[in-house]
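Visitor: Got a structure for you, questions after.
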Amino acid sequence: MLIVMKFGGTSVGSADRISQAARLAVDAAAKGHRVVVVTSAMSKVTDSLVDAAQTASRGKWDPALRAQLFERHRQAADAITAGNSDDREQVLAQIETQLDRFEKLCFGLSMVHELTPRLLDAISGTGEMLAAPLVAAAIRSAGRASAPVLATDVIVTTEQFGGAEPIPEATEAKAAATLRPMIERGEIPVVTGFIGATADGVLTTLGRGGSDYSASIIGAALSADEVWIWTDVNGVMTANPGEVPDARSLAEISYSEASELAYYGAKVLHYKTIVPAFRKKIPVRILNSFNPEHPGTRVSVEGDTSTLGVKAVTSIRKVSLIAISGTGMQGIPGIVAKAFDVVAEQQANVLMISQASSENNICFVISSSEAPRVVRALKSALEVELLRGHIEEIADQPVAVVAAVGDRMRGTPGIAATVFGALGSSGINVIAISQGSSERNISLVVAEGDATEAVRGLHRAFALDREAAATSR
Ligand code: ADP
Ligand code: ASP
Ligand code: MG
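Residue numbering for the sequence shown is 12 to 484, as defined by this note's numbering.
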């Protein structure tokens, strides 16, 4: 089989973790598989790169940051290449080259004070370029030929900096030219996750958490047999285990369930990951690099058809509910269209929409970081309606979206009743509700402070901690 394996930040967070990741790749190769590795940056590195860019754009550049990044990667390089001074020199030279580039970009930014999305990508994508030489060195020291590969030579994207989209045909051609010869030679390429480049070669990123997406894009481009996402939990679980301690791993889910879960906030998968794999029907596995014996989760066309009803509960945080309300809105055509034109102009991504049947109120959920400017733009575009009193208020409030997801919710009666019963008995007020027409999810808007209790309450109400109980619903 040809397997594309992605290692997340905690799975390459230290020399020990990188050596373990290398062992997992080499073990698969030893079983006769051809392996392509995709690596994230070491844990927290991307956050500090983004911070550095923001600080530099305010005119400050602290050279200590370069030293810190060098130190962390040097220590890992020393441990990984112990006893092989040529390899050590080579890896350190690659790290220095990336840090030189990073420093120049930040220094320039501190002079011009303007952080464009393009420049932010150039800076925030450095972490993967620092990690790939380390992972490749660890694979070499575990006995297999390996070399780092920049995804700028593999994934061709649109120019949407900060959230670029792959161009499949161009990516297939580049992936074939760059990766196939290495695979044929029996090498394990280690591709930088998270980044790509436009057709003109300008570095882009696929969005935060995007290395999962990289693995799926590369898997599809190479028509891989499987894509394995190595992370720090036992696969996709019935809820975020950090929030719900008795969350359980799901052995098998469908592509559509995986997409819905990721879209509604399950950080374990970047929300676009499933798209390329689904296009080629490539099975995706989510595995725990800290517990590789655990079978994790398999994502496939069918999923687990024996489990009815809700399979998992997720939440999206740091979002705001924008409500446009007024008794005079009723029957006045065009207000909704006008409002959504404004949202589109502001390039805000609407996560959920709900309209009261009385037509007195429309509300929608967007990222909190976009809320102030969207509200300002709405107030200005709907000024006349506000003056005339057709609209009384345009308000925003910080909220969370909580979603219950499962393919076989469709046709399972009583789910809404269970949802409202659970939230009612926990004293949680539901601000808005929306059910996807696919009937694969019910999503609810609750006050930010109620989100954890809402997730836990739903998890309990659907007995998701218990396998047997879950199958009976
Ligand atoms: P990586 O660095 O490997 O990409 P992430 O931190 O991006 O890992 O994603 C894994 C984390 O996702 C887990 O540690 C867990 O806290 C979180 N998570 C949220 N929802 C879920 C879920 N439903 N199942 C599993 N993990 C989840
Ligand atoms: N390193 C990137 C991030 O932290 C991409 C990833 O880890 O998936 O967002
Ligand atoms: Mg991730």
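Ideal Cβ positions, reconstructed from N, Cα and C, are used throughout, including at glycine.
Got a sec? Which residues, its chain only, sit under 6 Å from proline 144 by beta carbon, not counting five neighbours each side?
Guide: In the sequence shown, the residue the question calls residue 144 occupies position 133. Around proline 144: Val102, Gln105, Pro159.
Visitor: Between the alpha carbons of leucine 499 and cysteine 117, how many angstroms are there, rounded?
Guide: What the structure shows of the chain is the stretch from 12 to 484, and residue 499 is not part of that stretch, so it cannot be assessed.
Visitor: Should leucine 130 and leucine 120 be called a contact, given that it needs their Cβ atoms to be closer than 9 Å?
Guide: Working through the sequence shown from its first residue, we reach residue 130 at position 119. Working through the sequence shown from its first residue, we reach residue 120 at position 109. Result yes, Cβ atoms of leucine 130 and leucine 120 sit closer than 9 Å.
Visitor: Out of Val430, Val456, Thr429, which has the shortest C-alpha to C-alpha gap to valine 441?
Guide: Along the sequence shown, one-based indexing puts residue 441 at 430. Of the listed residues, the one whose Cα sits closest to valine 441 is Val456.
Visitor: Quick check on this structure: which residue in Pro252, Gln171, Glu82, Asp38 has the alpha carbon closest to the alpha carbon of alanine 26?
Guide: As a first step, residue 26 must be located in the sequence shown, where it is residue number 15. Cα-wise, what sits closest to alanine 26 is Glu82.
Visitor: Is alanine 175 near the ligand ASP, with its Cβ less than 8 Å from a heavy atom?
Guide: To locate residue 175, count along the sequence shown from 1; it is residue 164. Result no, Cβ not under 8 Å from the ligand ASP.
Visitor: Can you name, in chain order, every residue of its own chain whose Cβ lies under 7 Å from the Cβ of proline 294, other than the five neighbours on each side?
Guide: In the sequence shown, residue 294 corresponds to position 283, counting from 1. Contacts found: Glu237, Arg309, Val310, Ser311.
Visitor: Assuming lysine 491 and valine 49 are in contact, meaning their beta carbons sit under 8 Å apart, how far apart are those beta carbons, in whole angstroms?
Guide: No answer is possible for residue 491: it lies beyond the span of the chain, which begins at 12 and ends at 484.
Visitor: Evaluate contact between the segment 179-198 and the segment 150-169, counting only Cβ atoms and requiring at least three cross-stretch pairs below 8 Å.
Guide: Yes, the segment 179-198 is in contact with the segment 150-169.
Visitor: Is it right to say glutamate 263 is buried, meaning 16 or more other beta carbons lie within 10 angstroms of its own, or is it exposed?
Guide: As a first step, residue 263 must be located in the sequence shown, where it is residue number 252. That one is buried.
Visitor: Using a threshold of 8 Å, is the CB atom of threonine 325 nearer than that to any non-hydrogen atom of the ligand ASP?
Guide: For the purposes of this step, residue 325 is taken as residue 314 along the sequence shown, with counting starting at 1. Because no heavy atom of the ligand ASP lies under 8 Å away, the Cβ of threonine 325 does not count as near it: no.
Visitor: Quick one: what does DSSP say glutamine 366 is sitting in, helix, strand or coil?
Guide: Position 355 of the sequence shown, counted from the first residue, corresponds to residue 366. The answer is strand: DSSP assigns glutamine 366 an E or B state.
Visitor: Using a Cβ-based criterion (distance less than 8 Å to any ligand heavy atom), does histidine 84 qualify as near the ligand ASP?
Guide: In the sequence shown, the residue the question calls residue 84 occupies position 73. Histidine 84 Cβ: outside cutoff for every heavy atom of the ligand ASP.
Visitor: Anyone know if the C-beta pair for glutamate 254 and threonine 463 falls short of 9 Å?
Guide: Numbered from its first residue, the sequence shown carries residue 254 at position 243. Numbered from its first residue, the sequence shown carries residue 463 at position 452. Yes. Within cutoff.
Visitor: Considering Cα atoms alone, identify which of Asn372, Gly339, Glu381 is closest to glutamate 356.
Guide: Stepping through the sequence shown from its first residue, residue 356 is reached at position 345. The residue with the shortest Cα to Cα distance from glutamate 356 is Glu381.
Visitor: Pair every Cβ in the segment 382-398 with every Cβ in the segment 282-289, then say whether three or more of these pairs are closer than 8 Å.
Guide: They do not touch, by the three-pair rule.
Visitor: Taking alanine 474 as the reference, which of Thr325, Arg328, Thr249 has the closest Cα?
Guide: Against the sequence shown, residue 474 aligns to sequence position 463. That would be Thr249, whose Cα lies nearest to the Cα of alanine 474.
Visitor: What does the Cβ neighbour count give for asparagine 452, buried or exposed, with the cut at 16 atoms within 10 Å?
Guide: Position 441 of the sequence shown, counting from 1, holds the residue named residue 452. With 16 or more other Cβ atoms within 10 Å, it is buried.
Visitor: Just verifying my parser: in three-state terms, what is the DSSP assignment at glutamate 195?
Guide: Residue 195 sits at position 184 when you count from the first residue of the sequence shown. Residue state, collapsed to three classes: helix.
Visitor: Starting from the Cα of threonine 169, find the closest Cα among Ser51, Ile150, Thr209 and give me that residue.
Guide: In the sequence shown, counting from the first residue as 1, residue 169 sits at position 158. The shortest Cα separation from threonine 169 among Ser51, Ile150, Thr209 belongs to Thr209.
Visitor: Got a sec: does the ligand ASP put a non-hydrogen atom nearer than 8 Å to the Cβ of glycine 20?
Guide: For the purposes of this step, residue 20 is taken as residue 9 along the sequence shown, with counting starting at 1. True, at least one ligand heavy atom lies under 8 Å from that Cβ.
Visitor: Heavy atom of the ligand ASP less than 8 Å from the Cβ of phenylalanine 118, yes or no?
Guide: Locating residue 118 in the sequence shown gives position 107, where the first residue counts as 1. No, the ligand ASP has no heavy atom inside 8 Å of this Cβ.
Visitor: Hey, is lysine 278 close to the ligand ADP, as in C-beta under 8 Å from one of its heavy atoms?
Guide: To locate residue 278, count along the sequence shown from 1; it is residue 267. Answer for lysine 278: yes, Cβ within range of the ligand ADP.
Visitor: What first and last residue would you give for the beta strand (DSSP E) that runs through lysine 329?
Guide: In the sequence shown, the residue the question calls residue 329 occupies position 318. Taken as a continuous stretch (DSSP letters only), the beta strand (DSSP E) holding lysine 329 covers 323-336.
Visitor: Terminal residues of the continuous alpha helix (DSSP H) containing glutamate 82?
Guide: Position 71 of the sequence shown, counting from 1, holds the residue named residue 82. Glutamate 82 -> alpha helix (DSSP H) spans 75-91.
Visitor: To the nearest whole angstrom, what separates the beta carbons of glycine 204 and glycine 246, a pair I think is in contact under 8 Å?
Guide: For the purposes of this step, residue 204 is taken as the residue at position 193 of the sequence shown. For the purposes of this step, residue 246 is taken as the residue at position 235 of the sequence shown. No, glycine 204 and glycine 246 are not in contact; Cβ-Cβ is about 19 Å, not under 8 Å.
Visitor: What would DSSP say about methionine 16, mapped onto helix, strand or coil?
Guide: Stepping through the sequence shown from its first residue, residue 16 is reached at position 5. Strand, per DSSP.
Visitor: State the start and end residues of the unbroken beta strand (DSSP E) segment that holds alanine 415.
Guide: For this step, residue 415 is matched to residue 404 along the sequence shown. From DSSP, the beta strand (DSSP E) with alanine 415 extends over 404-416.
Visitor: With H, G and I counted as helix, E and B as strand and the rest as coil, what does DSSP make of valine 167?
Guide: As a first step, residue 167 is located in the sequence shown; it is residue number 156 there, counting from the start. Valine 167: strand per DSSP, three-state reduction.
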